[in-house]
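Asker: The opening position of the sequence shown corresponds to residue 637 in this note's numbering, with each subsequent residue numbered one higher.
Yeah, the Cβ is synthetic: ideal placement off N, Cα and C, and Gly gets one too.
Please read these numbers as outputs of a predicted model, since none were measured by experiment.
My questions will all concern the structure given below.
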Amino acid sequence: MRILGTDHIFLHLLYMKKTSHFTALIHYSLTENGGVVNPFSTGFRTSFQFPFELQAYLGSHNFEEPELIFPGDSVTVEITLINAESFLSKLYTGMDFEISDNSGVIGTGVISDVYDR
């Protein structure tokens, strides 16, 4: 049995590809409507609030195009949720949700495709 050091484990976790849970069309609010101030890119993390859950879940936004997203943009996004396995089976195409950060709601979305779980 080979025991890996913490450096090896960290590198494995760093390069491990996260699997997206769903694709959604998201509209990011303009700054003057409560949206973010600066543009952002793949890896942007926000909280996701679904209609059937009281708890919000942290998730990562993955963009194919464009590289930078600006407040007011509407974009198709692949979403990877963190620690959300307990409710993934409740997600469905057409479901609405809100995204937020520490300042409040910064956008809304509609699920366009749910990936196999």
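(1) Out of 721, 714, 735 and 726, which has the shortest C-alpha to C-alpha gap to residue 748?
(2) Quick check on residue 667: does DSSP put it in helix, strand or coil?
(3) Give the straight-line distance between the Cα atoms of residue 657 and residue 668, rounded to the nearest whole angstrom.
(4) Do you know how far the Cα of residue 727 is from the Cα of residue 695?
(5) Leaving out five residues before and five after residue 734 in sequence, what residues of the same chain have Cβ atoms less than 6 Å from its Cβ?
(6) For the beta strand (DSSP E) containing residue 714, name the first residue and the last one.
Answerer: Result, derived from the coordinates:
(1) The residue with the shortest Cα to Cα distance from residue 748 is 714.
(2) In the three-state DSSP reduction, residue 667 falls in the helix class (H, G or I).
(3) Residue 657 and residue 668: Cα-Cα distance of roughly 31 Å.
(4) About 14 Å.
(5) Excluding residues within five positions, the ones whose Cβ falls inside 6 Å are 685, 741 and 744.
(6) Element bounds for residue 714: 710–717.
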